[in-house]
Each structure stands twice: as structure tokens, then as C-alpha cells.
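Participant: Just so you know, the sequences run in chain order B and F.
Numbering of the first sequence is given in my numbering, commencing with residue 1 and proceeding in unit increments.
Numbering of the second sequence is given in my numbering, commencing with residue 1 and proceeding in unit increments.
C-beta atoms are modelled at their ideal positions from N, C-alpha and C, and glycine is treated no differently.
Note that the structure is a prediction, hence the values are computed from the model and not measured.
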Amino acid sequence: MSVPATAVADAAAAETLWLGRCAYAPTWRAMQRYTQERGPDSPDQIWLLEHEPVFTLGMNADASHVLAPGDIPVLRIDRGGQVTYHGPGQLVVYPLIDMRRAQLTVRDLLNALERSVIEYVARFGIEARCRAAAPGVYVEERKLASVGLRIRRGGSYHGLALNVCMDLAPFARINPCGYAGLQMTQLSDLNGPGDVAQVAAEFAPLLAAKLSR
Amino acid sequence: MTVNTRIRLAVTQDAALIAEMSRDYVEHGLGWSWTPARVLAAVNNRATNVAVAGELLGFGIMHYGDDSAHLALLAVRPARQRCGLGTLLLEWLEKPARVAGIECIRLEARVDNPGAIAFYRHQGFREAGCLAGYYRGTVDAVRMEKRLDVALHVPPR
Chain B
1 MSVPATAVAD
11 AAAAETLWLG
21 RCAYAPTWRA
31 MQRYTQERGP
41 DSPDQIWLLE
51 HEPVFTLGMN
61 ADASHVLAPG
71 DIPVLRIDRG
81 GQVTYHGPGQ
91 LVVYPLIDMR
101 RAQLTVRDLL
111 NALERSVIEY
121 VARFGIEARC
131 RAAAPGVYVE
141 ERKLASVGLR
151 IRRGGSYHGL
161 ALNVCMDLAP
171 FARINPCGYA
181 GLQMTQLSDL
191 NGPGDVAQVA
201 AEFAPLLAAK
211 LSR
Chain F
1 MTVNTRIRLA
11 VTQDAALIAE
21 MSRDYVEHGL
31 GWSWTPARVL
41 AAVNNRATNV
51 AVAGELLGFG
61 IMHYGDDSAH
71 LALLAVRPAR
81 QRCGLGTLLL
91 EWLEKPARVA
101 GIECIRLEAR
111 VDNPGAIAFY
121 RHQGFREAGC
131 LAGYYRGTVD
141 AVRMEKRLDV
151 ALHVPPR
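Set out below in C-alpha cells:
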């Protein structure tokens with residue numbers, strides 16, 4: 001994957017990059033490689049993109065939670081969490097952070113991701129919250145955003161998926177996050193914005209600010 | 001009551017009381033290795049979470065590596081046991097491990113504490129070996145392990 005892309009925010013700490021529509025596997029390999037090869041002076045980067053349709057099974061995922069994948073490819077990957085769906089109309093955010101240098105714990109990074117979503121959607125009058133026992137951001141009982149990470153050599157990859165304006169039907173082919181019948185929601189159904197690139201541009205500085213303390 | 005108990009990260013001021021709870025509820029008969037200074041170091045370690053339930057009704061300390069996590073200590077005041085506080089603490093400490101794709105959680109428990117071993121079994125831990133004289137050469141430990149990843153098999157199509 002070619003990484004050079006337009007910077008969407010002028011963050012001092014982390015570079016934020018809008019990568020547009022990306023196939024899953026090459027992006028996954030690229031962030032593994034960035035984490036594997038980064039040195040003490042490599043910049044932190046926040047990649048923002050949307051994926052081609054794919055089901056991914058995290059480290060805690062039971063394959064039986066993929067009920068009927070049909071023509072959508074299924075990938076078993078190295079992030080935390082259960083099974084989820086990525087597709088066009090969903091904003092995917094991958095924070096590639098040197099956790100030690102930034103003095104962040106996994107919990108800090110999780111909190112930063114969840115709180116950035118909660119603050120962002122509050123601009124549109126959407127009241128979202130996170131849960132004590134399960135990661136992600138919810139509006140009432142419906143899930144708006146999912147989080148799954150991986151730490152290698154002190155660097156984070158994988159990240160957040162925020163439903164913006166997408167076809168939610170593929171979520172019915174899985175038990176999202178391992179829960180049968182968990183309903184998903186998205187910004188466009190909550191009177192929020194419907195353009196992924198716009199959401200990326202507005203969301204990135206919020207997250208970057210939380211990660212540079 | 002337990003349902004509403006808040007779990008939070010420990011702060012500097014909690015270290016002394018946590019150390020005393022370790023001495024009284026976990027390390028009894030073994031001397032005192034989790035001194036206030038050692039607990040404070042854990043509170044300040046970025047790769048470690050020290051979690052506290054309510055007004056120090058219980059606490060847990062978990063260290064997170066890239067691939068595995070280690071539960072160093074978990075204790076609930078005897079009068080508040082068997083109300084789900086230990087489960088609540090353990091779930092709270094496990095959440096970052098699950099989010100981060102950590103493969104397993106390990107711990108050591110005193111062989112002379114069958115209640116703790118039964119608790120961890122109930123929480124999905126399995127015995128993974130015995131460490132003779134692990135505690136000051138006097139008490140054996142049973143090592144326990146909980147896998148967070150699941151067996152690889154091909155998903156149905």
C-alpha cells in the first residue's frame with residue numbers, strides 16, 4: 001500500500017493521514033510493518049480510511065459467530081476482540097503509537113478512542129457512552145463504534161471502527177463482538193454526518209489531541 | 001450493592017492500604033513482599049494496572065506484556081467476599097488484555113488456598129503446573145493460566 005496521502009490535520013504529535021478506500025490485507029500488513037520497523041524517532045501516525053467489505057475475527061473470536069459470511073471474505077487477524085465487519089461507509093482509525101514514548105497504557109488508548117467518539121458525536125446531539133466490561137461506544141443499546149488493538153514492541157496498531165453511513169446488513173451475518181442479536185447503529189441514522197472523509201477530518205484532531213499529553 | 005461498586009485506578013494514596021491488605025489477606029505467614037514502595041511502583045508503572053473496588057473493598061494488580069498478562073495480586077476484604085467483587089475486578093483488569101489481543105493471563109496461587117484456586121477455576125483459569133517452594137521456600141504455588149485466544153479452525157461458509 002502506498003502510504004503518502006493528504007494530511008487531514010496539523011497535529012504536533014501524531015501525523016494524521018487520510019488513506020481513502022483500502023483493501024484489508026495490505027493495510028493490515030502495512031501497519032504490522034510500520035510497527036515492526038519503527039525506531040525511537042519514528043513519528044506516531046493515525047491512519048484514517050475505509051475498508052472494502054470484510055469480516056475479521058480477532059484473537060478472542062469464535063468462528064461459530066460468523067453465521068453466514070456469503071461472498072464477504074473472512075480473515076482471522078491478530079487484534080484483540082471478537083468478530084466484526086468492515087465496509088464502505090465506516091470510518092476506520094488506526095493509531096500507530098509508540099506507547100512507551102507517549103506514556104500511554106492500553107487502557108489510556110482505549111479511553112482516548114472511546115472518549116473521542118463520545119465527544120465527537122455529542123456535537124450532533126448524539127448521546128453515546130462506553131461500557132465498563134465491553135469495549136466500544138454505544139447509543140442506548142446499539143453499538144456505534146468497535147475497538148480492538150494489538151501491541152508489538154511497545155507500538156500499537158489496529159484501532160477503531162466508527163459506523164458513519166453504510167450498509168449495516170452484513171452485521172446480521174455475524175454475532176458482532178460475540179453477542180447474538182447485538183444491534184448496530186450509525187451516525188447517519190442518528191441525524192449525524194454521512195460523509196466518511198468529512199468525519200475523518202473532524203475526528204482526527206480530537207483523537208490526536210488526546211494522544212499528545 | 002456489588003453491581004454499583006465502582007472500579008477505579010489506584011492512586012499514590014492507596015499504596016499503603018493496598019500493601020497492608022496484601023500482607024493480611026494474601027501473604028499471611030509468608031512475610032511481606034508487597035510493601036507500600038512496591039505497590040507504589042506498580043501504581044506508577046505504565047504497563048501495570050492497579051485497580052481498586054469501591055472504598056478499597058478489594059484490589060487487583062495486573063501487568064500487561066505484548067502477548068501475555070500476569071495477575072500479580074487480587075484480594076477482597078473477607079467480610080465483602082462472595083458478592084462478586086473479585087469477578088468485577090478481574091473483568092475490569094481483563095478488558096484491556098482482550099482489547100489488546102493478549103493471548104493469555106497467568107497467575108500463581110498458594111496451594112494452601114483452595115478457595116482462591118476454586119475462584120480462578122470458575123473464572124476460566126486452568127492449572128498449568130506446580131512451583132515447589134515458590135513462596136519463600138515454604139509454600140508451594142500452583143500456576144494457572146487463562147487463554148483469551150481461541151482454537152483456530154476454519155469458519156463455516
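So ALA141 (chain F) packs on TYR135 (chain F), CB below 8 Å; how close in whole Å?
Facilitator: Indeed, because the Cβ distance is near 6 Å, the residues count as touching under 8 Å.
Participant: Use the C-beta contact count for PRO95 (chain B): other C-beta atoms within 10 angstroms, 16 or more gives buried, fewer gives exposed.
Facilitator: With 16 or more other Cβ atoms within 10 Å, it is buried.
Participant: Under 8 Å, do HIS63 (chain F) and ALA53 (chain F) count as touching if we go by C-beta distance?
Facilitator: No, Cβ-Cβ distance for HIS63 (chain F) and ALA53 (chain F) is not below 8 Å.
Participant: Along chain F, in chain order, which residues have C-beta atoms closer than 8 Å to that of PRO135 (chain B)?
Facilitator: LYS95, ARG98, VAL99, listed in chain order.
Participant: What whole-angstrom Cβ distance do VAL54 (chain B) and ILE72 (chain B) have, given they're in contact under 8 Å?
Facilitator: Right, the Cβ-Cβ distance comes to about 7 Å (below 8 Å), so this counts as a contact.
Participant: Can you tell me which of B:HIS51, B:CYS130, B:LEU206, B:ASP41 puts its alpha carbon nearest to the alpha carbon of HIS158 (chain B)?
Facilitator: The candidate whose alpha carbon is nearest that of HIS158 (chain B) is B:HIS51.
Participant: Would you mind sorting LEU207 (chain B) into buried or exposed? The rule is 16 or more other CB atoms within 10 Å of its CB.
Facilitator: Classification for LEU207 (chain B): buried.
Participant: Mapping DSSP to helix, strand and coil, what is VAL8 (chain B)?
Facilitator: Annotation note: pLDDT 47 at VAL8 (chain B) (below 50); position unreliable, coordinate value reported separately. In the structure shown, VAL8 (chain B) sits in a strand (DSSP, three-state: E or B).
Participant: Could you tell me the alpha carbon to alpha carbon distance between LYS146 (chain F) and ILE126 (chain B), rounded to whole angstroms?
Facilitator: Each residue's alpha carbon lies about 38 Å from the other.
Participant: Can you confirm whether LEU148 (chain F), when its beta carbon is compared against all beta carbons of chain B, has any partner nearer than 8 Å?
Facilitator: With 8 Å as the cut-off, LEU148 (chain F) counts as an interface residue toward chain B.
Participant: Take GLU108 (chain F) and list the residues in its own chain whose beta-carbon comes closer than 8 Å to its own, dropping the five residues that flank it on each side.
Facilitator: Closer than 8 Å at the Cβ level, and outside the excluded window around GLU108 (chain F), lie LEU131, TYR134, ALA141, VAL142, ARG143, MET144.
Participant: Measure the CB-CB distance between GLY214 (chain B) and LEU49 (chain B) and report whether it falls below 8 Å.
Facilitator: It is not possible to answer for residue 214 (chain B), since the shown part of chain B is limited to 1 through 213.
Participant: On the DSSP bridge assignment, give the partners of ASP98 (chain B) in chain order.
Facilitator: According to DSSP, which records beta bridges pairwise, ASP98 (chain B) is partnered with B:GLY155.
Participant: Short of 9 Å Cβ to Cβ, which residues in the stretch 92–115 of chain B face chain F?
Facilitator: Within the stretch 92–115 of chain B, the qualifying residues are MET99, ARG100, GLN103, LEU104, THR105, VAL106, ARG107, ASP108, LEU109, LEU110.
Participant: Identify the residues that DSSP records as bridge partners of CYS177 (chain B): which are they?
Facilitator: For CYS177 (chain B), which the question treats as bridged, DSSP gives no partner whatsoever.
Participant: For the pair the stretch 183–202 of chain B and the stretch 112–130 of chain B, tell me if three or more CB-CB distances fall below 8 Å.
Facilitator: Touching, yes.
Participant: Excluding the 5 residues preceding and the 5 following PHE125 (chain F) in the sequence, name in chain order all residues of the same chain whose CB lies nearer than 8 Å to its CB.
Facilitator: Answer for PHE125 (chain F): ILE105, LEU107, MET144, GLU145, LYS146, listed in chain order.
Participant: CA-CA distance, GLY65 (chain F) and PRO88 (chain B)?
Facilitator: If you take the alpha carbons of GLY65 (chain F) and PRO88 (chain B), they lie about 34 Å apart.
Participant: Rounded to whole angstroms, what is the Cα-Cα separation between ARG38 (chain B) and CYS130 (chain B)?
Facilitator: Spanning the two alpha carbons is a distance of roughly 32 Å.
Participant: Is the beta carbon of LEU104 (chain B) sitting closer than 8 Å to the one on VAL99 (chain F)?
Facilitator: No, these two residues do not count as a Cβ contact at 8 Å.
Participant: Under DSSP, the beta strand (DSSP E) around GLY39 (chain B) begins and ends at which residues?
Facilitator: Neither: GLY39 (chain B) is in no beta strand (DSSP E) and is coded neither H nor E.
Participant: Could you pull the start and end residues of the alpha helix (DSSP H) that THR87 (chain F) belongs to?
Facilitator: Its alpha helix (DSSP H) spans residues 85–99.
Participant: Could you work out which residues of chain B lie near GLU103 (chain F), taking near to mean beta carbons separated by less than 9 Å?
Facilitator: Those are MET59, listed as they occur along chain B.
Participant: Only counting the same chain, and skipping five residues up and downstream in sequence, which positions put a Cβ closer than 6 Å to that of VAL199 (chain B)?
Facilitator: Taken in chain order, the residues that qualify are LEU91, VAL164, PRO193.
Participant: By the 10 Å Cβ neighbour count, where 16 or more other Cβ atoms means buried, how is GLU50 (chain F) classified, buried or exposed?
Facilitator: The identity of residue 50 (chain F) in the sequence shown is Val, whereas the question assumes Glu. Classification for VAL50 (chain F): buried.
Participant: Under the three-state reduction of DSSP, which class applies to GLY115 (chain F): helix, strand or coil?
Facilitator: Helix, per DSSP.
Participant: CB GLY58 (chain F) to CB VAL76 (chain F), shorter than 8 Å?
Facilitator: Yes. Within cutoff.
Participant: Just to confirm the assignment: which complete alpha helix (DSSP H) runs, minimum length 4, are found wholly within the stretch 21–93 of chain F?
Facilitator: Listed in chain order, they are 36–44.
Participant: Taking DSSP's pairing of strands, which residues face GLU108 (chain F) in a bridge?
Facilitator: F:ARG143, per the DSSP bridge assignment.
Participant: Please report the Cβ distance between GLY136 (chain B) and LYS143 (chain B), rounded to the nearest whole angstrom; I am assuming they are in contact, meaning their Cβ atoms lie under 8 Å.
Facilitator: Their Cβ separation, rounded to whole angstroms, is 6 Å, which keeps GLY136 (chain B) and LYS143 (chain B) in contact under 8 Å.
Participant: Name the chain F residues whose beta carbon is nearer than 9 Å to that of ASP78 (chain B)?
Facilitator: Neighbours of ASP78 (chain B) on chain F, chain order: GLY101.
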